[in-house]
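Here's the structure we're looking at; comments come further down.
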Amino acid sequence: MTISASPEGTQLRENLVTRVQGIMDAEWPKECKIEAFGSFASGLGTDSSDLDLVILPALRDQDQDPGTPARYQDLFVLKTLFQRYSMKDVEVIQNARVPILKFTDHKTGIKVDLNYGHYPSLYNTRLIESYVRIDDRVRTFLYVLKAFVKARGINSPPLGSLSSYCYTLMAISYFQSLLVPVLPCLQDPHLIPHNVPIPGQYGSSRLVNVAFTDPSRIRPCLPRNSMTLGELFIGFLEYYGSKFEYNKSCVSVRCGSVISRDECPTAWVRHEFVVEDPFLLEVNAAGARKDMMNIIRHEFQAAVQALKDDRGLSAILTTRQPYRVRE
1 MTISASPEGT QLRENLVTRV QGIMDAEWPK ECKIEAFGSF ASGLGTDSSD
51 LDLVILPALR DQDQDPGTPA RYQDLFVLKT LFQRYSMKDV EVIQNARVPI
101 LKFTDHKTGI KVDLNYGHYP SLYNTRLIES YVRIDDRVRT FLYVLKAFVK
151 ARGINSPPLG SLSSYCYTLM AISYFQSLLV PVLPCLQDPH LIPHNVPIPG
201 QYGSSRLVNV AFTDPSRIRP CLPRNSMTLG ELFIGFLEYY GSKFEYNKSC
251 VSVRCGSVIS RDECPTAWVR HEFVVEDPFL LEVNAAGARK DMMNIIRHEF
301 QAAVQALKDD RGLSAILTTR QPYRVRE
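Using full-length UniProt numbering, you'd call the opening residue of the sequence shown number 1 and step up by one each time.
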């Protein structure tokens, strides 16, 4: 089973980033840089993955918040621009937490989500990529997890379930919380260098603490976790399927452990599941409601039973229509 991106798929996306940068250089009046984030940039993409891009304005032009009306207007101007370059299905999604411009590349058919100046998405990608580099099992685990939740129809936020980003944070937190951890906490203040690099020409001047340490600065843990991928995957499904205390606990990659709901923003008290964003601490990355979380837990429990019955991965990767919850 091949679920990672092929060299050809990776090259197509790299070429597309270059073409989008060329369009911006030729047509956009402000100096900017196009950079990829999300699964492609973190090395977790597949040939069917969308391409997430962010426009990074030059440092002197970073006086506007991405959520201001001016930035909305910029997205509509860009909509007209990309339509002129024959991009397909071009639309602005204003009601998303981060407004985006969506389009499909007319040459490759790759779907693109483009936002303007939302730096945390870029830093989140770099943090995840750093965790993936620490242990070879993490990348494969996340590929299998992504294939599983997609196949079982529990990976569509517009329909009420959880995003791939949320599932990735859940996995990292699980790896951090094991008796013998697979992953450390890269945001541990004791591990972060005192001298944080000054932002470059396209660096962010926004007041968000995005510091974390490079994995190469951390000594390998002894004893090393020796669980197999299969043991880790079943353990993850059991943990979130039946052991995690949803009404009392919050997933926190930033802290490297589960934290009490009492430490979370009071606005989250009615949220069924809380997964703290590592940098934007007021953002809950898990938006699923109670009925959807019941479905997700059921799918996790059913998968555990299938794997323990030695029915193999094919049994849990059987495709079904995505679940949807009523408003």
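From the three backbone atoms N, C-alpha and C, an ideal C-beta is built for every residue, glycine too.
- In the DSSP assignment, the residues bridged to F37 are D52.
- Classified as buried, P278 has 16 or more neighbouring CB atoms from the shown chains inside 10 Å of its CB.
- In the DSSP assignment, D136 falls within the alpha helix (DSSP H) that extends over 136 to 151.
- With fewer than 16 other CB atoms across the displayed protein chains lying within 10 angstroms of its CB, Q11 is exposed.
- Excluding sequence positions up to five before and after Q21, its CB lies within less than 7 Å of the CB of I34, all in the same chain and listed in chain order.
- A315 places its beta carbon 9 Å or farther from that of F236.
- DSSP places Y116 in the uninterrupted beta strand (DSSP E) bounded by 111 to 116.
- In this structure, V275 lies away from C255, with their beta-carbon atoms at least 9 Å apart.
- Annotation for I134: L183, P215 place their beta carbon closer than 7 Å to its own, counting only its chain and skipping 5 residues before and after.
- The beta carbon of V98 sits closer than 6 Å to those of N115, H118, all from its chain and outside the five residues before and after it, given in chain order.
- For R217 against L191, the beta-carbon gap comes to about 7 Å, under 8 Å, which counts as contact.
- In the structure shown, V17 adopts helical secondary structure according to DSSP, grouped into three states.
- Cβ contact annotation for A36 (same chain, cutoff 7 Å, sequence separation greater than five): V17, L51, D52, L53, in chain order.
- Comparing alpha-carbon positions, the option among L162, R219, D25 lying closest to C185 turns out to be R219.
- DSSP places E282 in no alpha helix (DSSP H); its state is neither H nor E.
- Rounded to whole angstroms, the separation of the alpha carbons of E129 and R139 is 9 Å.
- Rounded to whole angstroms, A41 and T125 show a C-alpha spacing of 7 Å.
- Taken through DSSP and simplified to helix, strand or coil, K88 comes out as strand.
- By the 16-neighbour rule on beta-carbons within 10 angstroms, N294 is exposed.
- Comparing C-alpha distances from A288 to each of R297, N225, S121 shows the shortest one belongs to R297.
- With a 10 Å radius around the Cβ and a threshold of 16 neighbouring Cβ atoms, A58 comes out exposed.
- For S177, the secondary structure class from DSSP, reduced to helix, strand or coil, is helix.
- With fewer than 16 other Cβ atoms inside 10 Å of its own Cβ, R270 counts as exposed.
- When DSSP reads this structure, P57 sits in a beta bridge with C32.
- The beta carbon of S6 sits closer than 8 Å to the beta carbons of D47 from its chain, once the five residues preceding and following it are set aside; these are given in chain order.
- Within the DSSP secondary-structure output, S252 pairs in a beta bridge with E276.
- Assignment of T104 by DSSP, reduced to helix, strand and coil, places it in the strand class.
- Three or more beta-carbon pairs drawn from the segment 297 to 313 and the segment 142 to 155 are found closer than 8 Å, and the two stretches are therefore classed as touching.
- The criterion of a C-beta distance shorter than 9 Å is satisfied by P120 and L280.
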